[in-house]
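J.: In our numbering, the protein residues as written are 10 to 350.
We put the beta carbon where it would ideally sit given N, CA and C, even for glycine.
All figures in this text were calculated on a predicted structure; none of them were measured in a lab.
First the structure, which I've put down as C-alpha cells, then a few questions once you've had a look.
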Amino acid sequence: MLQQIINQILKDVEDFKAENKEQVEEFRLKFLSKKGELNKVFDEFRTVPNEQKKELGQKINALKQTVQAKFETLQNSLAESDDDTFANVDLTLPSKPIQLGSHHPLSIVRNEIIDIFSRIGFTVEEGPEIEDDWHVFSALNFPPEHPARDMQDTFFIEKNPDILLRTHTSSVQSRVMEQTQPPIRSIFPGRVFRNEAISARAHCIFHQVEGLYVDTNVSFADLKQTLLYFAKEMFGNDTQIRLRPSYFPFTEPSAEMDISCSICGGKGCPVCKGTGWLEILGCGMVDPNVLKNCNIDADKYTGFAFGMGVERIAMLKYQVKDIRLFFKNDTRFLKQFEAAK
Ligand code: DAH
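Set out below in C-alpha cells:
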C-alpha cells in the first residue's frame, strides 16, 4: 500500500515540469509543504508494521532526497533562465572606440629630424636646460657685451656666478666637445628659453635641434651637402636650398639657410612673403676659438654646426599660423596630427 504511494510520488516527481516560479511553488506545495505528499507518507509510515519499517524507512528517505533534489533542480533551472545579465546585451555589436592619444606635432617633427640625421650617422646627445654662463655664452665665443647676455633676452636664475635657462641648444656643443675628442657627429634636440613677449610668431619656450660635426678635413662643402640632404628629406625631393652670409659668435664663416618655399614651390606666396624662400636654420664652420675653449686641437680639427627651431619647421610643414597652438593642449588642434607619422 505505502509502496504503491511511494512509486506514484516518484513518478509524479519525475514527470513534473516547471516553466516559471509559480509552477516551482506548486511543486513545493504539492510535495514538500506541511500538507504535501511527503508528510502524508511520513504519517502513513507510523501505521506500518514494525518488521517492514526498516525497508520502507530507507525507501522513504531515498524518496525525500529525490523530491528535494528535484525541487532544487527546478529552482536552479529557473534561476538560470531568469538570469538576464546577457539577455539584453547584443554581443555582436562592435565595441565602443577606445580613445587613443597621438604624438604632439613637435614630437613628430623632432623625431623626424632625429631619424633623418641618424640615417647619415649622427648620434643624439642631450644637455641640461639650466646652464651656466660658460656653456651657453663664454665657451661659444660670445663677447662680454653681447646683447644675449642681457636680462632682457635671457632668464637668469642666479647672478655672479650666472646660472640661467639656456637660450639655445648650442650649449650642448660646448658640453659635448669638452667631454669628447673628435670625431664628433651628433645632434642635440632640446627645449630653450628666451625672455620674449609671446605672440603668434614668438614664444618664451621653444625647441631646437642642434647639429655638430667635428673631424679632420671637415669643410663647408660637407655642411652644405648635409643640409641639402636634410632639406630634401624633410620637405620633399624638389626642395632647393640657399645659404646667405650671416653672423654667429661661435661659427666663422656663418650662414643662414633658406629652403625653396614648400607651399608655392618658389613662385612666391603669402607664407614666403613673395620671395619664394623660407629661412629655416643657422649654420657655419665651428670657430677655432670655440674648439680651443673646449680643449680640441684647432690646428688638427675643423667642424661645422647648425641649429634649427622645431616649431618653425612644424609651422612650415603643417602650415600652422600661430606658434601658441603648440602649447595650448587643445585636443581639436592636436587631433589633426593623429594620422601624421
Ligand atoms: N644658436 C643659434 C640660435 O639660437 C642657432 C645656430 C646658428 C646654431 C648657427 C648653430 C649655428 O649651431 O652654427 O639662433
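Below 7 Å, is the gap between the Cβ of Glu219 and the nearest heavy atom of the ligand DAH?
T.: Glu219: yes, Cβ under 7 Å from the ligand DAH.
J.: Would you call the segment 273-290 and the segment 195-207 in contact, with 3 or more CB pairs under 8 Å?
T.: Result no; under three Cβ-Cβ pairs closer than 8 Å.
J.: Hey, would you say His144 sits closer than 8 Å to Ser183, going by beta carbons?
T.: A contact, by the Cβ cut-off of 8 Å.
J.: Taking the alpha carbon of Ile272 as the point to measure from, which residue in Asp247, Leu174, Thr260, Glu64 has its own alpha carbon closest?
T.: For the residues Asp247, Leu174, Thr260, Glu64, the minimum Cα distance to Ile272 belongs to Asp247.
J.: Can you give me the C-alpha to C-alpha distance between Asp142 and Ser104, rounded to a whole angstrom?
T.: When rounded, the distance between both Cα atoms is 57 Å.
J.: How many Å lie between Val33 and Gln77 at the Cα?
T.: Rounded to the nearest angstrom, the two C-alpha atoms are 12 Å apart.
J.: Could you check whether the Cβ of Ser183 sits closer than 7 Å to any heavy atom belonging to the ligand DAH?
T.: No - the ligand DAH has no heavy atom lying nearer than 7 Å to the Cβ of Ser183.
J.: So, is Met317 buried or exposed, given that buried needs 16 or more other C-beta atoms within 10 angstroms?
T.: The residue in question, Met317, is buried, as its Cβ has 16 or more Cβ neighbours within 10 Å.
J.: Determine contact between the segment 306-315 and the segment 213-223, defined as no fewer than three beta-carbon pairs at a distance below 8 Å.
T.: Yes: at least three Cβ pairs fall under 8 Å.
J.: What span of residues does the beta strand (DSSP E) with Val218 cover, start to end?
T.: Unbroken beta strand (DSSP E) run through Val218: 214-224.
J.: Do His144 and the ligand DAH come close, with the Cβ less than 7 Å from some heavy atom?
T.: No; taking the cut-off as 7 Å, the Cβ of His144 has no heavy atom of the ligand DAH nearer than that.
J.: Out of Leu174, Thr340, Ala209, point me to the one whose CA is closest to Asp331's CA.
T.: That would be Ala209, whose Cα lies nearest to the Cα of Asp331.
J.: Answer yes or no: do Arg175 and Phe202 have a C-beta to C-beta separation smaller than 8 Å?
T.: Closer than 8 Å, so yes.
J.: Are the segment 108-123 and the segment 321-339 touching by the rule of at least three beta carbon pairs closer than 8 Å?
T.: Segments in contact, yes.
J.: Would you list the one or two residues that DSSP bridges to Pro198?
T.: Bridge partners of Pro198: Val218.
J.: Straight-line CA distance for Tyr256 to Cys292?
T.: Going from the Cα of Tyr256 to the Cα of Cys292 covers about 9 Å.
J.: Cα-Cα, which of Leu236, Asn59, Lys282 is closest to Ala264?
T.: Per the Cα distances, Leu236.
J.: What are the boundary residues of the beta strand (DSSP E) that includes Ser255?
T.: It spans 250-257 - the beta strand (DSSP E) in which Ser255 sits, taken as one unbroken run.
J.: According to the neighbour-count rule (16 or more other Cβ atoms, all chains shown, within 10 Å of its Cβ), is Arg128 buried or exposed?
T.: Under this definition Arg128 is an exposed residue.
J.: Return yes when the Cβ of Val118 is within less than 8 Å of the Cβ of Leu268, no when it is not.
T.: Per the sequence shown, the amino acid found at residue 268 is Ile instead of Leu. No, they are not a contact pair.
J.: Looking at the strands, I want to know which residues DSSP matches up with Cys303.
T.: None; Cys303 has no bridge partner.
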